[in-house]
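Here the structure comes first, spelled out in structure tokens, and everything after it is commentary.
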Amino acid sequence: MADACCPASCGELIQGWILGGEKLISCPVDWFSYVAVTDGRPGDIERPGMRRMLNRVITYLGLPVDIGRGLRIEFDSTIPVAKGMASSTADIAATAQATARHLGVTLDESTLATLCVQLEPTDSTVFRQLTLFDHQTAATQITCGWQPALDILLLESPHTLATADYHRLDRRSSLLGNADALNKAWRLFGSAMEKQDHARLGEACTLSAIASQQTLTKPAFSDLMAVVEDSGIHGLNVAHSGSVVGLLLDRHKHDVEKLIWRLQQRDVLRHYPHHYLLPLVAGGVR
């Protein structure tokens with residue numbers, strides 16, 4: 001038996017047309033999908049993609065695909081599905097590593113990312129460090145050197161959107177139209193990494209969130225922006241292909257209860273009935 005786990009993401013810190021194509025940097029948070037692979041008859045309940053990933057790893061290792069019939073997948077995850085929280089990436093990445101470990105191998109991050117994008121667009125939560133990632137081809141993997149100490153007040157909407165449905169939207173014109181804004185966000189992000197500057201990081205994320213409004217509108221966005229301004233937190237980020245929003249802050253410096261009160265006063269929580277205070281964590285499959 002072998003197990004593995006992979007974190008969820010509160011949307012993306014930035015996403016858009018960067019360096020000649022659509023790329024993203026995920027926002028890994030302390031919420032995990034746990035997967036175990038054991039010898040035994042496959043169970044009746046598996047998440048979409050798990051069995052396909054198990055078989056893909058077997059093929060990658062040059063082993064007979066038939067051995068998959070004798071492997072059982074068990075999982076435990078409470079990550080909300082189809083909200084932009086990288087639940088599917090967490091499931092398949094943890095499955096890949098658990099399968100490999102059960103078969104006596106450990107996959108490196110780049111191999112894991114390549115296997116995942118062969119199944120579906122993949123979040124950069126598969127990397128330990130914050131990483132600019134081509135989530136459709138894995139061709140771009142630019143590591144950012146700083147792991148910021150950051151908390152996120154994650155706002156969960158009841159609305160769902162499957163990533164596959166998002167990628168069917170005609171997004172090219174809005175992506176290209178916002179290329180300048182995203183290049184600015186990317187430059188700010190790089191500067192924030194270099195200077196370890198939380199305020200600049202928040203500014204980069206907020207620029208990307210504003211650009212995302214043209215493709216996938218978030219309810220009460222102007223009120224959210226006003227709350228960010230009034231409360232003096234670092235900024236906000238969004239799920240560019242989902243419905244969650246993250247307010248970027250430091251729980252030791254910012255008054256979280258007052259922040260929630262401001263959201264209530266503006267009736268924002270009517271659109272986001274569930275909220276969670278989560279730390280940003282290192283990504284990567286454990």
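When we follow the UniProt record's numbering, the leftmost residue of the sequence shown carries the number 1, and every step to the right adds one.
Just so you know, even glycine gets a beta-carbon here, dropped at the ideal spot from N, CA and C.
Just the Cα atoms here: how many angstroms apart are Gln97 and Ala4? Their Cα atoms are separated by approximately 6 angstroms.
Taking Glu156 as part of the alpha helix (DSSP H), name the residues at either end of that continuous run. From DSSP, Glu156 is part of no alpha helix (DSSP H) but of the beta strand (DSSP E) over Asp151 to Glu156.
Which residue spans inside the segment 212-254 form an unbroken alpha helix (DSSP H) run of at least 4? Assignment of alpha helix (DSSP H) within the segment 212-254, counting only whole runs of 4 or more residues, yields 221-231 in chain order.
In whole angstroms, what separates the C-alpha of Pro158 from that of Gly246? Taking the straight line joining both Cα atoms gives about 15 angstroms.
CA nearest to the CA of Ala2, picked from Trp146, Leu13, Tyr166 and Thr95: Distance check between Ala2 and each of Trp146, Leu13, Tyr166 and Thr95 places Thr95 closest, using alpha-carbon atoms only.
C-alpha gap between Gly49 and Glu22, whole angstroms: Going by the C-alpha atoms only, they are around 23 angstroms apart.
Counting along the chain, where does the beta strand (DSSP E) carrying Glu109 start and finish? Per DSSP, Glu109 lies in no beta strand (DSSP E) segment; the continuous alpha helix (DSSP H) that holds it begins and ends at Glu109 to Val117.
Going by C-alpha to C-alpha distance, which of Pro64, Met85, His254 and Leu19 sits closest to Asp30? It is Met85 whose Cα lies nearest to the Cα of Asp30.
Report the rounded CA-to-CA distance for His240 versus Gln136, giving the unit in angstroms. The straight-line gap from Cα to Cα measures roughly 15 angstroms.
Could you check how far apart the C-beta atoms of Leu248 and Leu188 are, in whole angstroms? I think they sit under 8 angstroms. Contact flag wrong, Cβ pair sits at about 13 angstroms.
Would Asn183 pass as a contact of Ala209 if the rule is Cβ separation under 7 angstroms? With contacts defined by Cβ atoms closer than 7 angstroms, Asn183 and Ala209 do not form a contacting pair.
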